[in-house]
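Numbering (our numbering), first residue to last: 509 to 1556.
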């Protein structure tokens, strides 16, 4: 390897080096205090969503009236990879998945422009389409509740909006505080069909009278005596009595017919379609969101400080409390990782102190850790990274790696001091001796992590910051090792310290001698390491094929979600009854601290047959079961006729933008795609019947509930036309009398309260009452609804999904066992036994698909890393033999890593793959240091493997001299990983597989590196020499023959 020389100028300026170090540390501390703290890295997920709705409208009509126009408007926009739609009663949700690299902001503007162009084509009563980007930063970071046993939900909602929201929104960095639940005030005009008929009035007359008498319009300007007056017509309703007295029309005998003559006007509240309870008590919840550039912990702490102040100004008996906050999760994760980091730091320093043989040299090595970490904070700040669980974990995992270069340099300097050199010469010569291989090992380690930054998708976004942080730390540790460590060695080390043989020096010396004897024997019996290498390669392949694969490991976040679904059409009162029974059961469980129930609503829709529980558990150390175990138990305990229960762990893995990265083990999602829902249901049923024969299948669920009972009114166009009317006019009249229709606002105290016209509930008690409604007036005759059409009773779907305008049916399969095995089983069954009509297909989606795609991308990144490492090593060694020999260290380490996961029962997860990357870099580093020193000590020697030969002694001497730094770097790295492998605290499950991978891989890999790498290297050299010898002999023989011919 080419030699890189450290000039004596650095060693001659120790004060300058120390001052520069202090500057770097100071800037690192400054950066640490100014880094934004978030739970996850800042994401730019290429997903846009469009949300709209049309209250109480069937899914088929939502699709036709809203979804199809939106799909048509945005489908031609550049950068959209696929369109997905989720359609349910009263709501529409269109998801736009964009190609990687698409400018999301520009695409959002194009989508907004396209929607604006078709807005007039959408129903006037439909909710205006809202466009937003999926981003974990935009989700609520806190949930608060305001409750009281003395006040109604209307008062609680008003207090939340009038007092709580304004005070919270004054907090710096807080984007919004949105009130959920409670009762909203509304003016109802309850129409009596009988009184309408008596006065010969139809609903359109009533609606027109109210809206036209509640106006405020600008008229113009009047200029008199040089003064300009703006003139406007002011006729807004000031109280309910004015609405009652509004004249609809004047009868033939001159008597005015007013609103109160045909309807009852009341100032009330919206009909309860959803409820929010906290531990069984009615409440109103408030969701807090922060600005994207705000520090989550700062916002959370500010809210925590403001809550007591708000409670002081709230009326007696009303309390504002915090239900959940992301800040607690961040603090727990940071505290756990910091605790693991501190433990690792102490253990590493202790190991260094023992193995390096004195406090002076241990101090020199240990100093590089805080300096490297401080400088890493500075580079993170400069690169605009955030302090999150990925960057903190990178630093925690890097602690063992940060001392590797420093150990090699310090050990080399110590060896030179042992040889009798002065401190200055020892520092200079010792550092120059290893700076070349250290540069090579650092570059190869960076080469391992660079391909990780090229991984696409959410996994790539997450691990990009991880890879950058650990790369910064490793690069900085290299600079520290060749600049700071030599200077500190000159200042701190004592030439006399090595004259006193300590117990550890004696033990290491004996270990080196024993290692030399074993290595000498192996070098003379090279076939044994060769067979071992073949066996390791075979074992690695076998274990890799047999080990389970998954995405991100599940974590115990302390929260469980329970979704409850009753039969479609179930009234809210029945749903409340079932939820109350379940709630009572949940409140008795000691593992549950808080039960928040939401009845009649989901994230985007309101459906009276649905409810959900969010369960906040007591801390992990105070309960005997995990979140996953509790969720599984609740699936068995919460049962009722006609009720479907789905329980899952909140945050059990990573899940954003509708693309989950939770564990793929135990769950597979299969998507059936085709033009007709009925055919998809048949295919789903055949799959379900076949799979449930397997005792390991827990549940097969296509997410469908019983069809919704529905009355379809089919109008007769001819009859409507003969009555001089239109289909839309009849439909709107019927809608006003059944569902209700808004006719403007009632303004009071600066608030706008909707005025809603509807048929009085007492007038619609049966289907026959519906048939008697009158919708038109033709001349002097009133026309009943049955005269212009007929009602047909049928069943309708409650909801469905679409992708690229095709219907999508998701089938969720829960099982116990290997996910890969069941994926193959399902694939073979569908291909061989399920009749899939033309135009229908299936695909695996969700965590299963993401795990497979993630594995493929990590495989590609791994291959790229291997190629990049080989190129770097070939450039450093200026040959292809040594990089190939060092490459052979990798399968030895991989065997240990996979074997470790297998022993501990862990699948190979995404973080486990990252551990393999780290492991490859560490093992290759050891190989570079060992092989380079072997070359250094045998340079110029004749190749001779006879016992006692100079070449053989040189090989053994070089390996013995490099045994201590290689063992020490491995031990420090293993010890730094142990706290993370023990899964101490919440969130530690994510990084445990990574730590176990590195520990197992290093434990095996270092042993094999020390024994097999030298023998393989020597073996290759022997083979090359043999080939050269044969080639020379052939060439010499051919030359001699030609010479004889010429002479003759």
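All residues carry an ideal CB built from backbone N, CA and C; glycine is no exception.
Computed from a predicted model, the values in this text were never measured in an experiment.
State the beta-bridge partners of residue 776 as determined by DSSP.
The sequence position of residue 776 within the chain shown is 268, counting from 1. Answer is 694.
For residue 763, is the classification buried or exposed, using 16 other Cβ atoms within 10 angstroms of its Cβ as the cut-off for buried?
Mapped onto the chain shown, residue 763 falls at position 255. So residue 763 counts as exposed.
Below 8 Å, how does it come out for the stretch 1094-1105 and the stretch 1026-1042: are there three or more Cβ pairs, yes or no?
no
In the DSSP assignment, find the beta strand (DSSP E) that holds residue 1124 and state where it starts and stops.
The residue given as residue 1124 occupies position 616 in the chain shown. 1118-1125 is the span of the beta strand (DSSP E), which, as asked, contains residue 1124.
Give me the Cα-Cα distance between residue 527 and residue 534, rounded to the nearest whole angstrom.
Here residue 527 refers to the residue found at position 19 of the chain shown. Here residue 534 refers to the residue found at position 26 of the chain shown. Taking the straight line joining both Cα atoms gives about 10 Å.
Run through the DSSP bridge pairs and tell me what residue 1052 is partnered with.
As a working mapping, residue 1052 is identified with position 544 in the chain shown. Residue 1052 is not bridged to any residue.
Distance check for residue 1047 and residue 1154, CA to CA, integer angstroms please.
Walking along the chain shown from the start, residue 1154 turns up at place 646. Walking along the chain shown from the start, residue 1047 turns up at place 539. Each residue's alpha carbon lies about 41 Å from the other.
Could you tell me whether the stretch 557-565 touches the stretch 597-608, using the rule of 3 or more Cβ pairs below 8 Å?
yes
Which runs of the alpha helix (DSSP H), 4 residues or longer, sit entirely within the stretch 532-604?
567-570, 576-582
Please classify residue 1427: is it buried, with 16 or more other beta-carbons within 10 angstroms of its beta-carbon, or exposed?
Translated into the one-based positions of the chain shown, residue 1427 becomes position 919. So residue 1427 counts as buried.
Using DSSP's beta-bridge definition, name the partner residues of residue 1021.
Translated into positions along the chain shown, residue 1021 becomes position 513. None; residue 1021 has no bridge partner.
What whole-angstrom Cβ distance do residue 803 and residue 609 have, given they're in contact under 8 Å?
Residue numbering aside, residue 803 sits at position 295 when the chain shown is read from its first letter. Residue numbering aside, residue 609 sits at position 101 when the chain shown is read from its first letter. Their Cβ separation, rounded to whole angstroms, is 29 Å, which puts residue 803 and residue 609 out of contact at 8 Å.
Please report the distance separating the alpha-carbon of residue 1396 from that of residue 1347.
Residue mapping note: residue 1396 aligns to position 888 of the chain shown, counting from 1. Residue mapping note: residue 1347 aligns to position 839 of the chain shown, counting from 1. The alpha-carbon atoms of residue 1396 and residue 1347 are separated by roughly 50 Å.
If you reduce the DSSP assignment to three classes, tell me which class residue 1530 lands in.
Reading the chain shown from its first residue, position 1022 is the one you call residue 1530. Three-state result, residue 1530: helix.
Per-residue burial, residue 1339 [other beta carbons within 10 Å of its own, 16 or more giving buried]
The residue given as residue 1339 occupies position 831 in the chain shown. It is exposed - the Cβ of residue 1339 has fewer than 16 other Cβ atoms within 10 Å.
Relative to the alpha-carbon of residue 1061, which residue among 1418, 571, 700 has its alpha-carbon at the smallest distance?
Reading the chain shown from its first residue, position 553 is the one you call residue 1061. Nearest C-alpha to residue 1061: 1418.
Whole beta strand (DSSP E) runs in the stretch 732-794 with 3 or more residues, listed along the chain?
735-743, 755-758, 764-766, 771-777, 783-786
Which class does residue 1234 belong to by DSSP, given the choice of helix, strand or coil?
Residue mapping note: residue 1234 aligns to position 726 of the chain shown, counting from 1. Residue 1234: coil per DSSP, three-state reduction.
Selected residue, minimal CA-CA separation from residue 715, among 726, 751, 1143
Mapped onto the chain shown, residue 715 falls at position 207. For residue 715, the nearest C-alpha among the options comes from 751.
How many angstroms separate the CA atom of residue 622 from the CA atom of residue 582?
As a first step, residue 622 is located in the chain shown; it is residue number 114 there, counting from the start. As a first step, residue 582 is located in the chain shown; it is residue number 74 there, counting from the start. Their backbone Cα atoms lie some 6 Å apart in a straight line.
Can you give me the C-alpha to C-alpha distance between residue 1322 and residue 897, rounded to a whole angstrom?
Indexing the chain shown from 1 puts residue 1322 at position 814. Indexing the chain shown from 1 puts residue 897 at position 389. Approximately 30 Å between the Cα atoms of the pair.
Under 8 Å, do residue 903 and residue 849 count as touching if we go by C-beta distance?
For the purposes of this step, residue 903 is identified with residue 395 of the chain shown, where counting begins at 1. For the purposes of this step, residue 849 is identified with residue 341 of the chain shown, where counting begins at 1. Contact: yes.
Alpha-carbon to alpha-carbon, residue 544 and residue 801:
By 1-based counting over the chain shown, the position of residue 801 is 293. By 1-based counting over the chain shown, the position of residue 544 is 36. Cα to Cα, the separation comes out at about 8 Å.
What are the complete alpha helix (DSSP H) segments, minimum 4 residues, inside the stretch 842-907?
867-890
On the criterion of 16 or more Cβ atoms from any shown chain inside 10 Å, does residue 1485 qualify as buried, or is it exposed?
Stepping through the chain shown from its first residue, residue 1485 is reached at position 977. By the 10 Å Cβ count, residue 1485 comes out buried.
Taking only three categories from DSSP, how would you classify residue 1344?
Locating residue 1344 in the chain shown gives position 836, where the first residue counts as 1. Looking at residue 1344 - three-state DSSP - the assignment turns out to be coil, as it is neither helix nor strand.
N-terminal and C-terminal residue of the beta strand (DSSP E) that residue 1489 is part of
What you label residue 1489 is simply residue 981 of the chain shown in a count that begins at 1. Not the beta strand (DSSP E): residue 1489 falls in the alpha helix (DSSP H), residues 1458-1489.
With a Cβ-Cβ cutoff of 8 Å, do residue 1284 and residue 1231 count as a contact?
Indexing the chain shown from 1 puts residue 1284 at position 776. Indexing the chain shown from 1 puts residue 1231 at position 723. Yes, the Cβ-Cβ distance between residue 1284 and residue 1231 is below 8 Å.
For the stretch 912-923 against the stretch 976-991, do three or more pairs of beta-carbon atoms, one drawn from each stretch, fall closer than 8 Å, so that the two count as touching?
yes
Between the CA atoms of residue 1317 and residue 1166 - distance to the nearest angstrom
Numbered from 1 along the chain shown, position 658 holds the residue referred to as residue 1166. Numbered from 1 along the chain shown, position 809 holds the residue referred to as residue 1317. Legend: pLDDT at residue 1166 = 38, less than 50; position of this residue unreliable, value from coordinates given subsequently. Roughly 15 Å separates the two Cα atoms.
What is the DSSP secondary structure of residue 688, counted as helix, strand or coil?
Within the chain shown, residue 688 is the residue found at index 180, counting from 1. In this structure, residue 688 counts as strand in the three-state DSSP scheme.
What did DSSP end up calling residue 1386 once you bin it into helix, strand or coil?
As a first step, residue 1386 is located in the chain shown; it is residue number 878 there, counting from the start. Looking at residue 1386 - three-state DSSP - the assignment turns out to be coil, as it is neither helix nor strand.
Going by the beta-carbon positions, is the gap between residue 683 and residue 676 smaller than 8 Å?
Taking the chain shown and counting its residues from 1, one reaches residue 683 at position 175. Taking the chain shown and counting its residues from 1, one reaches residue 676 at position 168. Result no, Cβ atoms of residue 683 and residue 676 do not sit closer than 8 Å.
Skipping 5 residues on each side, what residues in its chain have a beta carbon closer than 7 Å to that of residue 1173?
The sequence position of residue 1173 within the chain shown is 665, counting from 1. Because the pLDDT of residue 1173 is 42, which lies under 50, any placement of that residue in the model is unreliable, and the number read from its coordinates should be weighed accordingly. Answer for residue 1173: 1056, 1058, 1327, 1415, listed in chain order.
Evaluate contact between the stretch 1033-1050 and the stretch 1497-1507, counting only Cβ atoms and requiring at least three cross-stretch pairs below 8 Å.
no
Exposure label - residue 1132; buried when at least 16 CB within 10 Å:
What you label residue 1132 is simply residue 624 of the chain shown in a count that begins at 1. It is exposed - the Cβ of residue 1132 has fewer than 16 other Cβ atoms within 10 Å.
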